[in-house]
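Trainee:
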Amino acid sequence: MEEIVVRYIHFIGILFLASTLAIENVLLSKSMSSQSIKRLAVVDGLYGVSALVTLGAGLTLWFAVGKPSEFYTKNPIFHAKVGLFLLIALLSIIPTVFLLKHRKTTAANLSVPQRIIVIKRLEMLLLLVLPLLAALMARGYGLPSS
218 MEEIVVRYIH
228 FIGILFLAST
238 LAIENVLLSK
248 SMSSQSIKRL
258 AVVDGLYGVS
268 ALVTLGAGLT
278 LWFAVGKPSE
288 FYTKNPIFHA
298 KVGLFLLIAL
308 LSIIPTVFLL
318 KHRKTTAANL
328 SVPQRIIVIK
338 RLEMLLLLVL
348 PLLAALMARG
358 YGLPSS
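Start counting the sequence shown at 218; every next residue gets the next number (our numbering).
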């Protein structure tokens, strides 16, 4: 039963992560009001929390419950999936720092650097690859033949 609960938490974390990233991409624009920046900073915080929940549940599935850890450890597709997840997390640092720095701004309109918008779009694009890697991994692709 604990495996099912952890898988459920992992799945909910993934859905929340994708949802908050989609919301960020919709809200983000080249020029934003201080209120919009504050709202976006809150959504970005929720994005970060969902990433941590997803990561924590994933690590629990890897090392504590479910399939033996070798199922994951010996699979290069799993390593690609984890690497991609970490790349997305690293990319998200730049927009997060920008939002934290400007969330208390009093300016009527704030110009958002193009690189912030590009990074958020890239995160969304990269996130689309993760389910493919997860499906391949779940079917045993990448595992050495016995």
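By construction, the Cβ of each residue, glycine as well, lies at the ideal position given by its N, Cα and C atoms.
Using the beta-carbon count (16 or more within 10 Å), is GLY275 buried or exposed?
Mentor: It counts as buried.
Trainee: Which of the three DSSP states is assigned to MET218 in this structure?
Mentor: If DSSP states are grouped into helix, strand and coil, MET218 belongs with coil.
Trainee: Whole angstroms is fine: what's the gap from ALA325's alpha carbon to LEU301's?
Mentor: When rounded, the distance between both Cα atoms is 37 Å.
Trainee: In whole angstroms, give me the CA-to-CA distance for TYR358 and ILE231.
Mentor: About 22 Å.
Trainee: Please report the distance separating the alpha-carbon of LEU263 from that of LEU353.
Mentor: About 28 Å.
Trainee: Would you say LEU272 lies against chain C (beta-carbon separation less than 8 Å)?
Mentor: Protein chain content of the structure displayed is limited to a single chain, and chain C is not contained in it.
Trainee: Decide if the segment 296-316 is in contact with the segment 246-264; the criterion is three or more beta carbon pairs, one per stretch, under 8 Å apart.
Mentor: The answer is yes - the segment 246-264 touches the segment 296-316, with three or more Cβ pairs under 8 Å.
Trainee: Going by beta-carbon coordinates alone, are LEU339 and LYS298 separated by less than 8 Å?
Mentor: No, they are not a contact pair.
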